[in-house]
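Structure first, commentary second.
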Amino acid sequence: MADSTDSTKKQENQEWYRDFGYDMCPERRKAPKHGFWDVVKERKFFKLNNTVTCERNVVRAIKENPVVKLLIAALKEAGCPVDLRRNFACETCESSVTGGYDQELNQIVVCHNQLKSRSNPDVTLVHELIHMYDHCVGEVNFKNIEHLACSEIRAANIAHCSFLSSFFLAQSSFFNIKKTHQECVKFKAAQSMMLARDISLEDALSIISKVFDKCYNDLEPVGRRLRRNSLDAQLAYNEAIHLGFCKPLPGDNPDYC
1 MADSTDSTKK
11 QENQEWYRDF
21 GYDMCPERRK
31 APKHGFWDVV
41 KERKFFKLNN
51 TVTCERNVVR
61 AIKENPVVKL
71 LIAALKEAGC
81 PVDLRRNFAC
91 ETCESSVTGG
101 YDQELNQIVV
111 CHNQLKSRSN
121 PDVTLVHELI
131 HMYDHCVGEV
141 NFKNIEHLAC
151 SEIRAANIAH
161 CSFLSSFFLA
171 QSSFFNIKKT
181 HQECVKFKAA
191 QSMMLARDIS
201 LEDALSIISK
211 VFDKCYNDLE
221 PVGRRLRRNS
231 LDAQLAYNEA
241 IHLGFCKPLP
251 GDNPDYC
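Using the UniProt record's numbering, the first residue of the sequence shown is number 1, and each one after it goes up by one.
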């Protein structure tokens, strides 16, 4: 009887793990292995270099990327300060993802095996910091599928779909670029939902349509859609300083929060 109960619990845990996207980050919630043969078997000698590079790139983005700095400052102002050592982790992930937000641990995962160049983590960090902000300020419950859809819309809108990238999509023109941008946001958000909840594209788009208008127009705390290769990111950061919720500490570079 005990064996049957244990087997049922294990199966339920595996289903929960998969249903909420944790299978995309297989190192999550697994006890670390420190034995010599564990290190050899898991090729940790090779992973260590990727991890160190990833961590350096994350630190660089936190210091230099204006949108990352803005979001971290907004979280602090909202009563959810970010601790670099506690709230970020560089881990191995499946090839289909570059990062994730673990609501249970309030931790952003950056996939070191997918993001190896200096600038790669920036977009992923902005995307996941939007989720962290929504969880803190909006009290979003990511187990609620409509809450998840709204946060994915916001993340796609701010981090991924610039008007320039939308213009180069098929059948785009100066006359329908706004509509095309919205389609870009819907598709990117749907992709994220499919990975996070293992649902079909049709189901993801159906859920997104229910909350799209409200969530598409919610640009907090950035306040604007960011055009690629423009000054929009820096302008948004400067506005945050001017509005007072992004405050440099005494003795710090005034350009940093």
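Beta carbons are placed, not taken as given, at the ideal position from N, Cα and C, and that holds for glycine.
Note that the structure is a prediction, hence the values are computed from the model and not measured.
| Item | Value |
| --- | --- |
| For residue 258, name the three-state secondary structure that DSSP assigns. | There is no way to answer for residue 258, as the model of the chain reaches only from 1 to 257. |
| Here's a check: name, in chain order, each residue in its chain whose Cβ is nearer than 7 Å to the Cβ of residue 131, leaving out the five neighbours to either side. | 101, 151, 155 |
| Can you name the start and end residues of the alpha helix (DSSP H) that residue 80 belongs to? | No alpha helix (DSSP H) holds residue 80; DSSP gives it neither H nor E. |
| Since residue 129 contacts residue 58 with CB under 8 Å, what's their CB separation in whole angstroms? | With a Cβ gap of about 11 Å, residue 129 and residue 58 do not count as contacting. |
| CA-CA distance, residue 97 and residue 134? | 20 Å |
| Taking the Cβ atom as the reference point for each residue, do residue 222 and residue 67 lie within a distance shorter than 8 Å? | yes |
| When you compare each of 65, 56, 144 to residue 232 by their alpha carbons, which one comes out closest? | 65 |
| Have a look at residue 95 and residue 215 and give me their C-alpha separation to the nearest angstrom. | 28 Å |
| Does DSSP classify residue 91 as helix, strand or coil? | strand |
| Got a sec, what are the start and stop residues for the alpha helix (DSSP H) residue 150 sits in? | 145–155 |
| Can you tell me which of the three DSSP states residue 140 falls into? | coil |
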